[in-house]
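Asks: Chains as they are written, first to last, in our numbering: chain S, 10 to 379; chain W, 10 to 379; chain C, 10 to 379; chain R, 10 to 379. For each residue, glycine too, the CB sits at the ideal point set by N, CA and C.
There are 4 protein chains.
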Amino acid sequence: MDTFEDRLNDAMRSGELNRPPSKAPTMTDNDETHSSPEREAFDHDPIGHAKISSGMSVAEIVSEYGNAGIGAANLSEAVDVTAEAFGREETTVFLGLAGAMVPAGMRAIVSDLIRKGHIDALVTTGANLTHDSIEAIGGKHHHGVHEHPDYGEREFDERLRDEGVDRIYNVYLPQEHFTLFEEHLRTDVFEQIGENVVSIASFTRELGRANAEVNRREDIDEDPGIAAAAYEHDVPIHVPAIQDSVLGLQAWLRSQVSGFSLDALGDMSPLNDLAYNAESTAAFVVGGGVPKNYVLQTMLVTPGAYDYAVQLTMDPPQTGGLSGATLDEARSWGKLKKDARNVSVYADATITFPLVVAGALDAVESDASR
Amino acid sequence: MDTFEDRLNDAMRSGELNRPPSKAPTMTDNDETHSSPEREAFDHDPIGHAKISSGMSVAEIVSEYGNAGIGAANLSEAVDVTAEAFGREETTVFLGLAGAMVPAGMRAIVSDLIRKGHIDALVTTGANLTHDSIEAIGGKHHHGVHEHPDYGEREFDERLRDEGVDRIYNVYLPQEHFTLFEEHLRTDVFEQIGENVVSIASFTRELGRANAEVNRREDIDEDPGIAAAAYEHDVPIHVPAIQDSVLGLQAWLRSQVSGFSLDALGDMSPLNDLAYNAESTAAFVVGGGVPKNYVLQTMLVTPGAYDYAVQLTMDPPQTGGLSGATLDEARSWGKLKKDARNVSVYADATITFPLVVAGALDAVESDASR
Amino acid sequence: MDTFEDRLNDAMRSGELNRPPSKAPTMTDNDETHSSPEREAFDHDPIGHAKISSGMSVAEIVSEYGNAGIGAANLSEAVDVTAEAFGREETTVFLGLAGAMVPAGMRAIVSDLIRKGHIDALVTTGANLTHDSIEAIGGKHHHGVHEHPDYGEREFDERLRDEGVDRIYNVYLPQEHFTLFEEHLRTDVFEQIGENVVSIASFTRELGRANAEVNRREDIDEDPGIAAAAYEHDVPIHVPAIQDSVLGLQAWLRSQVSGFSLDALGDMSPLNDLAYNAESTAAFVVGGGVPKNYVLQTMLVTPGAYDYAVQLTMDPPQTGGLSGATLDEARSWGKLKKDARNVSVYADATITFPLVVAGALDAVESDASR
Amino acid sequence: MDTFEDRLNDAMRSGELNRPPSKAPTMTDNDETHSSPEREAFDHDPIGHAKISSGMSVAEIVSEYGNAGIGAANLSEAVDVTAEAFGREETTVFLGLAGAMVPAGMRAIVSDLIRKGHIDALVTTGANLTHDSIEAIGGKHHHGVHEHPDYGEREFDERLRDEGVDRIYNVYLPQEHFTLFEEHLRTDVFEQIGENVVSIASFTRELGRANAEVNRREDIDEDPGIAAAAYEHDVPIHVPAIQDSVLGLQAWLRSQVSGFSLDALGDMSPLNDLAYNAESTAAFVVGGGVPKNYVLQTMLVTPGAYDYAVQLTMDPPQTGGLSGATLDEARSWGKLKKDARNVSVYADATITFPLVVAGALDAVESDASR
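Right, here's the structure in full:
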């Protein structure tokens, strides 16, 4: 057995700790002067460190993220890919918007992107459209807490139940808004559709029309929202799991007393046509679930595949679930082009979505104004 | 300013570090002998530490989890709640099965639970039924890697694409099985349905019938699976987002050349009836997404609410998304009874689902054999 | 058994779906006009939705986060709490900086905060100081990939090993910088300390002095960094687990050939004194691990507790680990005051740390300039 | 532009949806009969599906995990690698045990592994040793809740504070046990060490001796525990961040009134010697943080590297932090051999650690009894 001193002497003599010998004549980072091995896997691309001060613009902080590593570098890359996709006229953008993004306050960002012409098709949940419509006709979500200081989560949620308030993490919705939403559907949507079986995209289009009308007629302060903007700019809204929402429950109740129903397959052709005929395509995916998969799946029935893909999610890939799956996995299915630009940012989407959109609009609109 | 010595002397004299004074005459954990404050929030319930040895049974290791804390204690509680729900004849069990559970190897567990009569309704994804059917007719998924030793994830997925192999995390599916699945649907399912518009549950029932028939006729080694077992035991399968799967794409292709289509709302009444008429109800939720929400939502249109709820998931609540939302949040919506037994286990469901089922069957079947 | 029609008629008549009856005479959100139950748990505080456009400032986007929910609302609150802590002269701020924050590009943010006087004590890892020192003397980290397009993760990491490059997620460090760092320690730090046993904070202070000197003497482009700024502004740097780093390995090698060693307990008194004598205290915790716990633990040996606490982390509380533990849990230990302002942001800290600092500096410096 | 019918006809004719053409003459999974492309990336290794029934043994369920995919397959592989490492006499096993594993009930598993001779060195936290010692001398942790049904988390933690109870997620510790622990240290540990400066491993060895003595003398029901077992079997316990714990605070208090102190670097030589002289080495890492890194780092100062590595963690790699970093990343640093067997299981370690140990002991002891 070697003694410790033997080893230590060796280590001190060679100046190395389990590392290839290297001489370092200067204190600078000049690779030529090192006798290091040939380096092919390594790229020389120094990290510059983020510099932060007061008075910064979003464009500046995004640029600083690009100087940093880990998630910050990915966020900067996401801004760059999104800006390229938004900025190229010929790129068709499919936005997947999961879960609770409207109650979480992301509604105006989506409706503004639609109005600016950056979104060509939206895939989302019935929940997002339910909450979007409630605000379009004058209802409000409220800031709340996910843990009340004076009650346990369970006791607190029992109280909210008694008070007729639904909780979505730290957002509250008084239940009377569901009643108002029900009346809105009965008066302004179902009557117009009548005794017909329609596709889901036709139904969401009617909803958008009705939201826009009521919002204008009742002079509601709040923006008419996502469905209204999509109606006015001819952007289809696809909701594969529409049954799984209050909007879907209302549609079901209506179908029980009339000839109205929804054809689950009726809007798949126009969506697939959009993908098929696009010169260039981008998937912009906020959160996971059905909206993510349905946006990606659209490429399964075309000879093409996505040129750009950005996902903003908290779901890690390690579970094997679709929500956190890497975009490279989608490549094995032929959903992304081999040379597609793609990036995933693993962080809370309510923080990253506004940031990526702000950064991309900065880039697109400063290019446009040149 | 106090000197350090003053403070130190105080601390040493009182024998305390920022804690209420307490005398401790014995070395034992005898609360009566302490002059500690009145304790109402604190429960006296000592942790016993898990003891592990070779030759243990699952029942024994589950019991040891109950002696431990954190997630282990939750897992033990999940076994207990599941056993109570499975063991009570009058309890109607709704199973939500998300994502990639069939390709991940959970198929036989679900079909066996159905055959044993423990599941009364299944809510799942088109993906799970697609993969279930592929195996029913003789196809196979394969063990693979999510990171190949010799290729980068991107390069590797490009190769898989060239080789016609789809990857689901560390599971592979050769694409010819999709072709065989397509032929199966054409020959054994769509012909029988004919030119009709049917509900999604009717469609999955036909699929189950066809899977059972082909499996028997072709003498396939593999079990006929989930849809077949559900067909044979009259358990409805609900797939709210059926479009979002290869099964849904095939249904769409069929709808383009025939009068066949799917009514999105057509099976909501029988599901809601099942919940409405149940004496007692349990939600058993594996993974998040649409299956989780749809199982919980079913209680929105009944005067009742779940008596039991177990969820096995990796999604944390902090994102505000539905997938990781606590079951207490569901209580604010009236989806769980105020006094419901509910527990969430935050860990990989491919590990916890087999363990919870094994533990619950141990408890139920040893009770039954008494 | 009720027929479905009975129930449906009831539901349609009352206009409700398992919800308390409510009348809704107007389309506006006017709570007085509803016959809803008394609401105590519910707060009326409408969500305004984030508005995003090009040309925004960081202050504006932070303000928009405050209009949104979920993590965005928490981020806005974190900016507010941080600004209050930074802005109050009498508040002593303890910064916990975990893991790989320096290689991830967060180095300049920390050194600038120290120079501005916003940090009174730093608790961090040996790794962060090692990487900080490497840059101080002219070394560079490099942008890399965590998954190389042409190699598998394992094969790629084998190649990096052959090329003498260490990988930290998507950041590379050529190993010759460790040799240069070793020479720096030998020439500029250990000689000055001599044959003495010193505290860890004394050792990091000597390191800071040496980094500042070499950085100036060699006219290095890069900022002298965290340890240098801390030295120049008399901010102590505590590294409880210093052994667990290349810096610690070098210290150990030195201790084998000289009388030099590190006293593990030698700097605990001044840190505890700082907490003890502070009029008001704030814990600003970036990442988890030892730096988080050590910052919080400091309050265990004082009669006081933190007045402010902000944590930025990706670790969820569900594992029961310290890194993701809520700040309320710390309250049970007496580490936070009962009425402390505290907020946790669960998202990638390389994204949120620059954002929170930028937002807080905006608030502090605009207040100051009034 | 192609019409939809053109495409549909093409798709129906070729029987493919964006996939390479393939003929499928039989319903069986016979690769030879397919005209599929050459497949090199793809391995033919069918997934068998986990079969679960009542009355199973742990060995059987672990074997079923091996038939499944995603995390279940990794767990099965972790059992296999652990069994090989434990079973080879010549393999030196370094166990890294993070965070709250003792209060979480994992204490007896670790002490039994030490007694069976499966662990050669332990790296852990001061917290684990504090809680281990409290139980050794008769104290108890208690099952609790992380969210109390009747109080909010914050209010509840305030109450626990008033009642003198510390909370670790869902585990409680009444604070008088810290006082008893303090007396134990004063009487049974510090007196014996006297006025000396000792290494941390010497200090933990004295603690183990004292725990064993008091446990025997006082005839405590509970097992003497980890430190006692390590003392009795000459297994060193390394605690790089010992200051960061109640044990460390007590050591500091003692150092203020005596010549006692801890040499931070004093036990690094014997640990490095152990690694240097081992014929074969294994890293078994439970949780992340300092214990994980320190176990891996030990290989930086030897010419060798780990032959086996297993990690059980909930931390995802996406944050870039060390805790969730893949074991392949460690390979770039030379900490793992190129051909090492390594596996990571991403799930709650309080569930997976008992399971992996039980499975590995099954394999080792059934081999031994043959």
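For A109 (chain C) and G64 (chain R), what's the separation of their Cα atoms in angstroms?
Replies: Here residue 109 (chain C) refers to the residue found at position 100 when the third sequence is read from its first residue. Here residue 64 (chain R) refers to the residue found at position 55 when the fourth sequence is read from its first residue. So the alpha carbons of these two residues sit roughly 47 angstroms apart.
Asks: Let's test the definition: count the other Cβ atoms within 10 Å of the Cβ of R225 (chain C) and tell me whether it reaches 16, buried, or not, exposed.
Replies: On the third sequence, residue 225 (chain C) is found 216 positions in, with the first residue counted as 1. Exposed, because fewer than 16 other Cβ atoms sit within 10 Å of the Cβ of R225 (chain C).
Asks: Measure the alpha-carbon distance for A68 (chain C) versus A367 (chain C) and round it to whole angstroms.
Replies: The count along the third sequence starts at 1 and reaches residue 68 (chain C) at position 59. The count along the third sequence starts at 1 and reaches residue 367 (chain C) at position 358. Spanning the two alpha carbons is a distance of roughly 8 angstroms.
Asks: Need the endpoints of the alpha helix (DSSP H) that P183 (chain S) sits in, please.
Replies: If you number the first sequence from 1, residue 183 (chain S) lands on position 174. Looking at the DSSP string, P183 (chain S) is not in any alpha helix (DSSP H); the run it does join, the beta strand (DSSP E), is V180 to P183.
Asks: Run through chain C and tell me which residues come within less than 7 angstroms of E374 (chain S), C-beta to C-beta.
Replies: Translated into the one-based positions of the first sequence, residue 374 (chain S) becomes position 365. Under the 7 angstroms cutoff, chain C gives S63.
Asks: Suppose contacts are defined by Cβ-Cβ distances below 8 angstroms. Is G135 (chain W) in contact with P300 (chain W) by that definition?
Replies: Indexing the second sequence from 1 puts residue 135 (chain W) at position 126. Indexing the second sequence from 1 puts residue 300 (chain W) at position 291. No, these two residues do not count as a Cβ contact at 8 angstroms.
Asks: Is the region 269–284 of chain C close to the region 82–92 of chain C, with three or more CB pairs under 8 angstroms?
Replies: Output reads no: the region 82–92 of chain C does not touch the region 269–284 of chain C.
Asks: I'd like to check one pair, S341 (chain C) with G176 (chain R): are the Cβ atoms closer than 8 angstroms?
Replies: Residue mapping note: residue 176 (chain R) aligns to position 167 of the fourth sequence, counting from 1. Residue mapping note: residue 341 (chain C) aligns to position 332 of the third sequence, counting from 1. A quick correction: the sequence has Arg, not Gly, at residue 176 (chain R). Yes, these two residues count as a Cβ contact at 8 angstroms.
Asks: Please list the partners that S267 (chain W) has in chain R, where partner means a Cβ-to-Cβ separation under 9 angstroms.
Replies: Residue numbering aside, residue 267 (chain W) sits at position 258 when the second sequence is read from its first letter. What S267 (chain W) touches in chain R: nothing, since even the nearest Cβ is about 11 angstroms away.
Asks: Report yes or no: is there a C-beta of chain R within less than 8 angstroms of the C-beta of M277 (chain C)?
Replies: Residue mapping note: residue 277 (chain C) aligns to position 268 of the third sequence, counting from 1. Yes, contact with chain R.
Asks: Could I get the ranges of all uninterrupted beta strand (DSSP E) runs contained in the region 275–349 of chain C, with 3 residues as the minimum, in chain order?
Replies: If we require 3 residues or more, the beta strand (DSSP E) runs fully inside the region 275–349 of chain C come out as 289–295 and 315–322.
Asks: Exposed or buried, what is H186 (chain W) when buried is set at 16 or more other beta-carbons lying within 10 Å of its beta-carbon?
Replies: Against the second sequence, residue 186 (chain W) aligns to sequence position 177. Looking at its Cβ environment, which holds 16 or more other Cβ atoms inside 10 Å, H186 (chain W) is buried.
Asks: With DSSP collapsed to three states, give me the class of D175 (chain C).
Replies: Reading the third sequence from its first residue, position 166 is the one you call residue 175 (chain C). Strand.
Asks: How would you list, in chain order, the residues of chain R whose beta-carbon sits under 7 angstroms from the beta-carbon of V111 (chain C)?
Replies: In the third sequence, residue 111 (chain C) corresponds to position 102, counting from 1. Within 7 angstroms Cβ-Cβ: nothing; V111 (chain C) doesn't reach chain R, min ~12 angstroms.
Asks: Could you spell out the range, first to last residue, of the alpha helix (DSSP H) harbouring S120 (chain R)?
Replies: Numbered from 1 along the fourth sequence, position 111 holds the residue referred to as residue 120 (chain R). Note, S120 (chain R): alpha helix (DSSP H), R116 to R124.
Asks: Chain R beta carbons: is any one of them nearer than 8 angstroms to that of I235 (chain C)?
Replies: Here residue 235 (chain C) refers to the residue found at position 226 when the third sequence is read from its first residue. Answer no: the Cβ-Cβ gap between I235 (chain C) and chain R never drops below 8 angstroms.
Asks: At what residues does the beta strand (DSSP E) containing A210 (chain R) begin and finish?
Replies: Working through the fourth sequence from its first residue, we reach residue 210 (chain R) at position 201. Careful: A210 (chain R) lies outside any beta strand (DSSP E), inside the alpha helix (DSSP H) at I209 to R226.
Asks: Leaving out five residues on either side along the sequence, give the residues of the same chain with a beta carbon under 6 angstroms from the beta carbon of L182 (chain C).
Replies: Here residue 182 (chain C) refers to the residue found at position 173 of the third sequence. Excluding sequence neighbours, L182 (chain C) sits near H150 and D175.
Asks: Assuming V207 (chain W) contacts P112 (chain W) under a Cβ cut-off of 8 angstroms, what Cβ separation, rounded to an integer in Å, is found between them?
Replies: Indexing the second sequence from 1 puts residue 207 (chain W) at position 198. Indexing the second sequence from 1 puts residue 112 (chain W) at position 103. The Cβ separation is near 27 angstroms, so there is no contact.
Asks: Quick one: which chain S residues come within Cβ less than 9 angstroms of Q201 (chain W)?
Replies: If you number the second sequence from 1, residue 201 (chain W) lands on position 192. Residues of chain S passing the Cβ test: none, with the nearest at roughly 18 angstroms.
Asks: To which residues of the same chain is Y303 (chain S) closer than 8 angstroms at the C-beta, ignoring the five residues directly before and after it?
Replies: Here the question's residue 303 (chain S) lines up with position 294 in the first sequence. Closer than 8 angstroms at Cβ, skipping near neighbours: G105, V132, H247 and P249.
Asks: Quick one: what's T133 (chain S) bridged to in DSSP?
Replies: As a working mapping, residue 133 (chain S) is identified with position 124 in the first sequence. S:L106, per the DSSP bridge assignment.
Asks: Of all the CB atoms in chain C, is at least one closer than 8 angstroms to the CB of P363 (chain R)?
Replies: Residue mapping note: residue 363 (chain R) aligns to position 354 of the fourth sequence, counting from 1. No, because no Cβ of chain C sits closer than 8 angstroms to the Cβ of P363 (chain R).
Asks: Report yes or no: is there a C-beta of chain S within less than 8 angstroms of the C-beta of L104 (chain W)?
Replies: Counting from one through the second sequence, the residue named residue 104 (chain W) turns up at place 95. No, because no Cβ of chain S sits closer than 8 angstroms to the Cβ of L104 (chain W).
Asks: Count Cβ pairs between the region 253–273 of chain S and the region 284–294 of chain S that sit closer than 8 angstroms; are there 3 or more?
Replies: Segments in contact, no.
Asks: Buried or exposed: where does K346 (chain W) fall if 16 or more other Cβ atoms within 10 Å of its Cβ makes it buried?
Replies: Along the second sequence, one-based indexing puts residue 346 (chain W) at 337. Classification for K346 (chain W): buried.
Asks: Pull up the DSSP beta-bridge partners for N205 (chain R), would you.
Replies: Here residue 205 (chain R) corresponds to residue number 196 of the fourth sequence, with the count starting at 1. DSSP lists no partner for N205 (chain R).
Asks: Bridge partners for S270 (chain S) per DSSP, in chain order?
Replies: Within the first sequence, numbered from 1, the residue matching residue 270 (chain S) stands at position 261. S270 (chain S) is bridged to S:V206.
Asks: Helix, strand or coil, according to DSSP, for S63 (chain C) in the structure here?
Replies: Within the third sequence, the letter at position 54 stands for residue 63 (chain C). If DSSP states are grouped into helix, strand and coil, S63 (chain C) belongs with coil.
Asks: Let me know the secondary structure DSSP gives S353 (chain S) once reduced to three states.
Replies: Here residue 353 (chain S) corresponds to residue number 344 of the first sequence, with the count starting at 1. In the structure shown, S353 (chain S) sits in a strand (DSSP, three-state: E or B).
Asks: Could you name the residues of the same chain whose beta carbon sits closer than 6 angstroms to that of L256 (chain S), not counting the 5 residues immediately before and after it, in chain order?
Replies: As a working mapping, residue 256 (chain S) is identified with position 247 in the first sequence. Here the set comprises G135, L138 and T139.
Asks: Considering only C-alpha positions, which residue in the set C:L309, C:G57 and C:S142 is nearest to E192 (chain C)?
Replies: Against the third sequence, residue 192 (chain C) aligns to sequence position 183. The shortest Cα separation from E192 (chain C) among C:L309, C:G57 and C:S142 belongs to C:S142.
Asks: Just the chain R side, please: which residues come within less than 9 angstroms of D348 (chain W) by C-beta, in chain order?
Replies: Against the second sequence, residue 348 (chain W) aligns to sequence position 339. Within chain R, no residue comes near D348 (chain W); the closest Cβ sits about 10 angstroms away, beyond 9 angstroms.
Asks: If you compare alpha carbons, which of S:F103, S:D316, S:L336 and S:G80 is closest to Y178 (chain W)?
Replies: On the second sequence, position 169 is the one that residue 178 (chain W) refers to. Comparing Cα-Cα distances from Y178 (chain W) to each of S:F103, S:D316, S:L336 and S:G80, the minimum goes to S:L336.
Asks: Around the Cβ of N205 (chain C), are there at least 16 other Cβ atoms within 10 angstroms (buried) or fewer (exposed)?
Replies: Numbered from its first residue, the third sequence carries residue 205 (chain C) at position 196. That one is exposed.
Asks: Which whole-angstrom value is the C-beta distance of G234 (chain C) and R124 (chain C), which I expect to be below 8 angstroms?
Replies: What you label residue 234 (chain C) is simply residue 225 of the third sequence in a count that begins at 1. What you label residue 124 (chain C) is simply residue 115 of the third sequence in a count that begins at 1. Incorrect: roughly 11 angstroms between the Cβ atoms, too far for contact.
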